[in-house]
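Positions in the sequence shown are counted from 1; adding 479 to them yields the working numbering.
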Amino acid sequence: GHKGPHKVAFSIWPSPRLTSTVVAPYNAALSFPAFLQHATARVLFDNEAMLDICARQLCVEHPTFANVNRLFAQMVSSVTAPMRFNNGSTETLVDALSLLVPYPAMQCLLP
């Protein structure tokens, strides 16, 4: 098992529709090994999917960085709520994520 404190990492994969630089996908790909190495539980968000959620489910005509950032903040807040508030549950975030990721080799939860 894992020794030491559990670390949860959240990362956003860049979207060609929102990025202002050509190297964003390269930076994301090159930082991915560190993302895998330095966290016990990993949650990877797809910026393109978050744009679609803003447009289709939240009915935002032209999603902006602010819309996507607000959605990301709300998702991270809801995922980390059990760590911040005592809800009587003995289940940790790492336990919950391990149930959602069916095979350890998959490494990441993709909401």
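All C-beta atoms, glycine included, are put in the ideal place defined by N, C-alpha and C.
Distance between residue j and residue i (C-alpha atoms, nearest Å)
{"i": "P512", "j": "N506", "result": "11 Å"}
{"i": "P504", "j": "S494", "result": "8 Å"}
{"i": "Q516", "j": "K486", "result": "11 Å"}
{"i": "T500", "j": "M554", "result": "25 Å"}
{"i": "T498", "j": "A518", "result": "26 Å"}
{"i": "A545", "j": "L530", "result": "11 Å"}
{"i": "R563", "j": "S556", "result": "9 Å"}
{"i": "A520", "j": "N565", "result": "20 Å"}
{"i": "A528", "j": "V502", "result": "20 Å"}
{"i": "H541", "j": "A508", "result": "27 Å"}
{"i": "R549", "j": "A534", "result": "13 Å"}
Whether residue i touches residue j by CB criterion (9 Å)
{"i": "A488", "j": "V522", "result": "yes"}
Buried versus exposed call for residue i [16 or more other C-beta atoms within 10 Å across all chains shown]
{"i": "N526", "result": "buried"}
{"i": "A560", "result": "exposed"}
{"i": "V547", "result": "buried"}
{"i": "A552", "result": "exposed"}
{"i": "L537", "result": "exposed"}
Residue i: CB within 8 Å of a non-hydrogen atom of the ligand SAH
{"i": "H517", "result": "With respect to small molecules bound, the structure shown includes none, and the ligand SAH cannot be examined in it."}
Any C-beta of chain B under 9 Å from that of residue i
{"i": "S494", "result": "Given the protein chain composition of this structure (a single chain), no chain B is represented."}
Selection from the options that minimises the alpha carbon distance to residue i
{"i": "F514", "options": "A528, C533, R535, W492", "result": "W492"}
{"i": "S490", "options": "R496, S510, C533", "result": "S510"}
{"i": "V558", "options": "A508, F524, R496, V502", "result": "F524"}
_What ranges does the alpha helix (DSSP H) occupy inside the stretch 519-552, keeping only unbroken runs of at least 4 residues that lie completely in it?_
Runs of the alpha helix (DSSP H) inside the stretch 519-552: 526-531.
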